[in-house]
Amino acid sequence: MKRMMLAGTAVAALVGAGATPAMAAGQIASAGPQAAAAVVPNNVLLADWTGPYEGVPPWDKVTPALFPQAFQFAIDEQRREIEAIANNPQAPTFVNTIEALERTGQRLGRVQSVFGVMTDNMSTPEYQALDKEWSPKLTAAFDEITLNPKLFQRVETLYNNRASLGLDAKQTRLLTRNYEYFVRNGAKLDSQQKARLSQMNQQLSSAFSDFNANLLADEGTFTRASAAEMAGVPQDVKDAAAAVAKDKGLPAGTYAIRNTRSAVEPVLTFGSNRALRQKVWQAFVDRGDNGDKNDTNAIISKIVKLRADRAKLLGYPSHAHWRMQDTMAKTPERAMDLMMRVWTPAVARVNEEVADQLVFAKKDGLGRIEPWDYRYYQEKVRKAKYDLSEDEIKPYFEQSNLLKGMLWSAERLYDLKFTENTGKVPVFHPDVRTFEVTNAKTGEIVGLWYLDTFAREGKRSGAWMTTYRSRARLLGDDIVLASNNNNFTKPEAGKPVLLSLDDASTMFHEFGHAINYLLIDVKYPSLGGLQRDFVEFPSQVNENWLLTRPVLEQFARHYQTGEPMPAALVDKIKKADTFNQGFATVEYLSSALVDMKLHLDPNGVVNPDAFEKATLAELGMPREMVMRHRLPQFGHLFSSDGYSAGYYSYLWSETMDADAWAAFEETGNPFDRATADRFRIYLLSTGNETDRAEAYRQFRGRDPDVNALLKRRGFPTGEVAPPATVGAERGE
Ligand SMILES: [Zn+2]
11 MKRMMLAGTA VAALVGAGAT PAMAAGQIAS AGPQAAAAVV PNNVLLADWT
61 GPYEGVPPWD KVTPALFPQA FQFAIDEQRR EIEAIANNPQ APTFVNTIEA
111 LERTGQRLGR VQSVFGVMTD NMSTPEYQAL DKEWSPKLTA AFDEITLNPK
161 LFQRVETLYN NRASLGLDAK QTRLLTRNYE YFVRNGAKLD SQQKARLSQM
211 NQQLSSAFSD FNANLLADEG TFTRASAAEM AGVPQDVKDA AAAVAKDKGL
261 PAGTYAIRNT RSAVEPVLTF GSNRALRQKV WQAFVDRGDN GDKNDTNAII
311 SKIVKLRADR AKLLGYPSHA HWRMQDTMAK TPERAMDLMM RVWTPAVARV
361 NEEVADQLVF AKKDGLGRIE PWDYRYYQEK VRKAKYDLSE DEIKPYFEQS
411 NLLKGMLWSA ERLYDLKFTE NTGKVPVFHP DVRTFEVTNA KTGEIVGLWY
461 LDTFAREGKR SGAWMTTYRS RARLLGDDIV LASNNNNFTK PEAGKPVLLS
511 LDDASTMFHE FGHAINYLLI DVKYPSLGGL QRDFVEFPSQ VNENWLLTRP
561 VLEQFARHYQ TGEPMPAALV DKIKKADTFN QGFATVEYLS SALVDMKLHL
611 DPNGVVNPDA FEKATLAELG MPREMVMRHR LPQFGHLFSS DGYSAGYYSY
661 LWSETMDADA WAAFEETGNP FDRATADRFR IYLLSTGNET DRAEAYRQFR
711 GRDPDVNALL KRRGFPTGEV APPATVGAER GE
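For this note's numbering, count along the sequence shown from 1 and bump the result up by 10.
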């Protein structure tokens, strides 16, 4: 089941589009040599990280008041570092320019990394105000680098002479990517155009902060329900809702359903009270769209317009064309081709699913399925067709057991050994657990892994992975600091954490990102970041191990009896593998298609609600369901440039995932070590040091075949059209 590709993620949330490749996430170590010019103020955010693991973030000492001074000093220091490179009287060399660039901004990277965690996981009005103030300033600071004419001249000189510099393949790749980055982001514009570009970038940053604050506010709301209204909802979900109600000071016997996906979906799936389902559904799909102070429509219009104008200024037909330069797909057309290839069979499948559901809905006196009915009747169909209920699986999906299974898999596949050491290093919230990661064979320390499991106020919705420090040998950064962030509902003290299949897949998904970053072993920090439509590939592959027999049989144990999941239930889960894939696919693809079409508009003049409605009508969106992320709440698109014109990348990555997983299946052993070794060596540990399409061919012996994806989702495969492939183009 691949529904988890849909889980929101921000593995690279800190890799802002405003940063040069050299500033990309993870460039976090002690400051470069040029920094000696100023005395570092006594501010813990500016100090080198201390303690074990080559230093860890001082979460226990972070306060909002420390940030303004830290940001200002670190920005100024980075400026001095850049000036030293740009004004170097010596002729440009790879070392004094490109490698030197790789070393800049390390202190700023640390400050940003800590700040990003506070705004994503621990947001308060103070942090929101800081974000609003400093996002545009940071954008301006990075623009200053990209648009520095003397610096670019050095990069360009090197690029033009790259064949005669005696560089190896990785250095050539780094130089080329640097040059292309500068050009793509305005280095060749005249000074007036540059000023305008920087202004637009700052306005965008500020709009992203506004969007985030509004969405977070709407997700902090909840729907009240009585015991009678909660009929059918599983006990653990009710317990959690009761705990929230208690927290909110509501009278005993009332329930509070948070306006986040993990809280809403179980009610939509099991709640027999249709009016409650509708109320909860409406609140959820209306996030950001209520015409009140949290409404995001005006912000979105502004963002889309600014993006279109910026693309025009930079010489691209649209924001989508601009954003897709550094991707595997390369053009919006190729991404659209893949999406439309899957869209048609997915819609056909939804129609079949609805027909199945109507049999049950009619018994309840309903003439048709409304969007708040879909999950409820889908559950009835699942029960009837496969004698399988989500509720039957849950008692076996106790979070700490599955966590053990997940860690066990990583050790078996990649020799990554996880040993819990919670309490030994500072964390940003008492719920966060930590694990030392070592190589099981050599005992060498690989990294430290932070796990932040539960939803809370001030934490944004979805699930994501972050690195506080990535491996980059040039900087002496050997030990990776990685964090997984989920939003599971926290039960009352002493109650077990029972995960739905969806949540369990999300946990494995985010862990796949962490595995990837723990294994990346590159010299240059900039080559440690991943392309948007590759980054979801390793994480999606990792979801597959959840439903393998060794994991289910050993770790899916009943939370009360400790009994392993019965073989008959495992069989039923396997059999129901392609169940509901129409819904999952259309829910995702409608969002991805609306994203791409929105950002293909060269003028960017948009009324989000009207655009969404018209585009869905044109696509033939089934009326029984809605997009997974409607525009007013589509954080992937509007909380940064990150996934804008990029939500397709989950499908692109999944095409590789399905085909890669087939390689494991072909061996007859999901833990086949030779296949895992190839996967690690060619695809995981190389980061972006090699061409990703070429790396895939090294792993598989050929390009990925989209038929593996269609087959996995239970859709008809390749007879109609020639199979589309991803990654078929060589080079970047
Ligand atoms: Zn992901």
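Cβ coordinates follow ideal geometry from the N, Cα and C atoms, glycine included.
Other residues of its chain near residue i: CB distance less than 6 Å, five sequence neighbours each side excluded
i      : result
Phe428 : Leu417, Phe445, Val447
Thr727 : Asn717, Leu720, Lys721
Lys142 : Ser219
Val580 : Leu562
Leu286 : Ala235, Glu239
Lys315 : Gly614
Leu423 : Ala686
Ser311 : Val616
Asp605 : Leu647, Tyr657
Tyr692 : Ala705, Gln708, Phe709
Ligand 1 heavy atom lying under 7 Å from the CB of residue i
i      : result
Ser649 : no
Ser471 : no
Ser549 : yes
Glu546 : yes
His519 : yes
His523 : yes
Close beta carbons around residue i, own chain, < 7 Å, minus the five adjacent residues each side
i      : result
Gly230 : Glu467
Lys607 : Thr625
Tyr137 : Pro74, Met128, Thr129
Phe631 : The displayed chain sequence assigns Met, not Phe, to residue 631. Around Met631: Ser600.
Gly724 : Thr588, Gln591
Ala46  : Note that Ala46 scores a pLDDT of 49, beneath 50, so its modelled location is shaky; the value from the coordinates is reported in the next line. None.
Asp366 : Val391
Lys204 : Leu157, Gly196
Tyr189 : Val165, Glu166, Tyr169
Nearest-angstrom beta carbon gap, residue j and residue i [assumed within contact, 8 Å]
i      : j      : result
Ile108 : Leu161 : Not confirmed; about 11 Å, so no contact.
Thr685 : Thr677 : 6 Å
Leu511 : Glu400 : 6 Å
Thr255 : Thr264 : With the sequence shown as reference, residue 255 is identified as Ala, and Thr is not the correct amino acid for it. So it is a contact: roughly 5 Å between Cβ atoms.
Leu323 : Arg206 : 7 Å
Tyr653 : Arg542 : 7 Å
Phe674 : Pro680 : 5 Å
Val596 : Ala356 : 5 Å
Gly697 : Val532 : 5 Å
Phe83  : Trp144 : Actually they are not in contact, since the Cβ atoms of Phe83 and Trp144 sit about 13 Å apart, beyond 8 Å.
Close Cβ partners of residue i (< 8 Å) along its chain, the five nearest in sequence each way excluded
i      : result
Asn411 : Phe565, Ala566, Arg567, Tyr569
Ala96  : Asn158, Lys160, Leu161, Arg164
Leu177 : Phe104, Leu185
Gly65  : Asp58, Trp59
Lys393 : Ser399
Min CB distance residue i to chain C below 8 Å
i      : result
Val716 : As a matter of chain content, chain C is missing from the structure shown, which is built from one protein chain.
Near ligand 3: residue i beta-carbon under 7 Å from a heavy atom
i      : result
Lys198 : What this structure holds is ligand 1, not ligand 3.
**Report entry** Complete beta strand (DSSP E) runs within the segment 220-262 (minimum length 3 residues, chain order)
**Finding:** 232-236
**Report entry** Every unbroken beta strand (DSSP E) inside the segment 415-459 [3 residues or more]
**Finding:** 426-430, 443-449
Query - Start-end ranges of the alpha helix (DSSP H) lying completely within the segment 557-632, minimum 4 residues - result: 559-565, 577-585, 591-610, 618-629
Query raised in the report: Can you give, in chain order, each stretch of the beta strand (DSSP E) that sits fully within the segment 477-522 and has at least 3 residues?
Result: 490-498
Query raised in the report: Which full runs of the alpha helix (DSSP H) of 4+ residues lie inside the segment 133-167, going along the chain?
Result: 135-156
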